[in-house]
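Take the sequence shown: its position 282, counted from the start at 1, is 282 in this note's numbering, and no numbers get skipped. Here the structure is laid out as structure tokens; the discussion comes afterwards.
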Amino acid sequence: MKNVRLGARTTADIDGQVAKVLRGLGNPEPPLDLRAVRELLKLDRGYYSTTDDGLLRETLSRLKVAGRQVLLRPTILGDAIRALSLKALYFPDQKRILLDQDLPPIKHRWNEAHKVGHDLIPWHAGMMLGDTEQTLTPACHEVMEAEANYAAGQLLFLAERFQTEATSSAPSLDLVRNLGKGFGNTVTSTLWRFVEQAHGNRPMVALVSGHPHPAKRKADFDIANPCRYCVESPQFRERFGHITEIDLFGITVGYAGAQRGRSLGTAEVILKDRNGGRHVFVFESFFNRHEALTLGYWVRPHPPGIV
Ligand SMILES: [Zn+2]
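Set out below in structure tokens:
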């Protein structure tokens, strides 16, 4: 599944809202403290557990998930959460964010920032919004969810601050990991942002996939759909967007070892642009015990006449 891009006016509007928050916090150093964001915006945060719904006695009769109205009759909140597999909720009248306590804590940060995004974006005002695993990923194509995910990224990576730090050294997965630590965010969300925002004019692509080595693939691995995400920089999309996710995954298969952790290897490969021009890219992959993360970046044109 490839990433989405929002229009320039939308992103400028959201950038303005995020800048206001960061100014209100005195342009803080990373990592961003979400508690301070909640205090500034007068937001309240709570947790619920799908196994203990003391909090969820309340009923609700209107809720939007991925842009659609899903509940028409009053329903107990706990039932709705279970039936719809909701991971987070936002109640505009109470300015209250509710997060699924049963998710790993590392995911709370992104989910909370996504909800803060809904609160910040003026045209989301007044809507009671429920989020699922799918709407909380930057690959969600539904417009309001893509907007909230964009706002979450701008907040957690402190707007242009990330770009400044990301472009100060040569691209590599080590750099992505260090940026992730510095900003307090997951390696996957950092890699995503690295490719989308830190590109300058350099074509870059990232994959989040199963283990490339055939001996290490899980039972549910689908060779026809090997990547959970494929993130392209604008330049990559323009010049190399014709290359399929299957072909990109195939490159990683060509060099990846069968290691279970850390680096799976790196290789220089040649990719053809839309006009048939040849270009050298470096690809490198890393396995986080759960998924393989791959970064591919343009290095130089391949001299014509050399095969
Ligand atoms: Zn949402």
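For glycine and all other residues, C-beta sits at the position ideal for the given N, C-alpha and C.
If you check the CB distance, E112 and L99 come in under 8 angstroms. Take the alpha-carbon of L264 and the one of N201: they are about 27 angstroms apart. With a threshold of 16 other beta carbon atoms within 10 Å, K115 meets it and is buried. Here H242 is exposed. Its C-beta has fewer than 16 other C-beta atoms within 10 Å. Near ligand 1, meaning a beta-carbon closer than 5 angstroms to one of its heavy atoms, we find D131, T135, E145 and A148. Fully enclosed alpha helix (DSSP H) runs of no fewer than 4 residues occupy 160-166, 173-183 and 187-197 of the region 154-228, in order along the chain. Exclusion of the five residues before and after T51 leaves D102 as the residues of its chain whose Cβ lies within less than 8 angstroms of its Cβ. Around the Cβ of H141, a 10 Å sphere holds fewer than 16 other Cβ atoms; the residue is exposed. DSSP, reduced to helix, strand and coil, places L271 within a strand of the structure shown. T75 carries a strand assignment under DSSP once its states are collapsed to helix, strand and coil. Between S172 and E284, the C-beta gap is smaller than 8 angstroms, which places the two residues in contact. For S169, the number of other beta carbons within 10 angstroms of its own is below 16, and it is reported as exposed. D13 and L71 have their C-alpha atoms spaced approximately 30 angstroms apart. Looking at the DSSP output, I246 bridges to nothing. Secondary structure note for G296: its beta strand (DSSP E) is the uninterrupted segment A292 to P301. Check the Cα spacing between Y229 and each of Q69, R161 and L295: the tightest is with L295. Secondary structure note for T132: it is in no alpha helix (DSSP H), and the uninterrupted beta strand (DSSP E) holding it is L129 to T132. From the listed residues K181, P214, A66 and L89, the smallest Cα separation to T252 is found for P214. Under the three-state reduction of DSSP, L120 is assigned to helix. For R96, the enclosing beta strand (DSSP E) begins and ends at R96 to D100.
Under DSSP, the beta-bridge partners assigned to Y47 are L99.
Per DSSP, A88 lies in no alpha helix (DSSP H); the unbroken beta strand (DSSP E) holding it starts and ends at L86 to F91. Under the three-state reduction of DSSP output, L40 falls in the helix class. With respect to the 8 angstroms criterion, P92 and G130 are not classified as neighbours on the basis of their beta carbons. K181 has its alpha-carbon roughly 10 angstroms from the corresponding atom of P30. Closest option to V299, judged by alpha-carbon separation, among L293, M204 and E245: M204.
Counting along the chain, the unbroken beta strand (DSSP E) around R278 starts and ends at R278 to F287. Membership of L136 in any alpha helix (DSSP H) is not indicated, and neither H nor E is assigned to it by DSSP. Between the beta-carbon of L32 and that of L155 there is about 6 angstroms, and that keeps the pair under the 8 angstroms contact cut.
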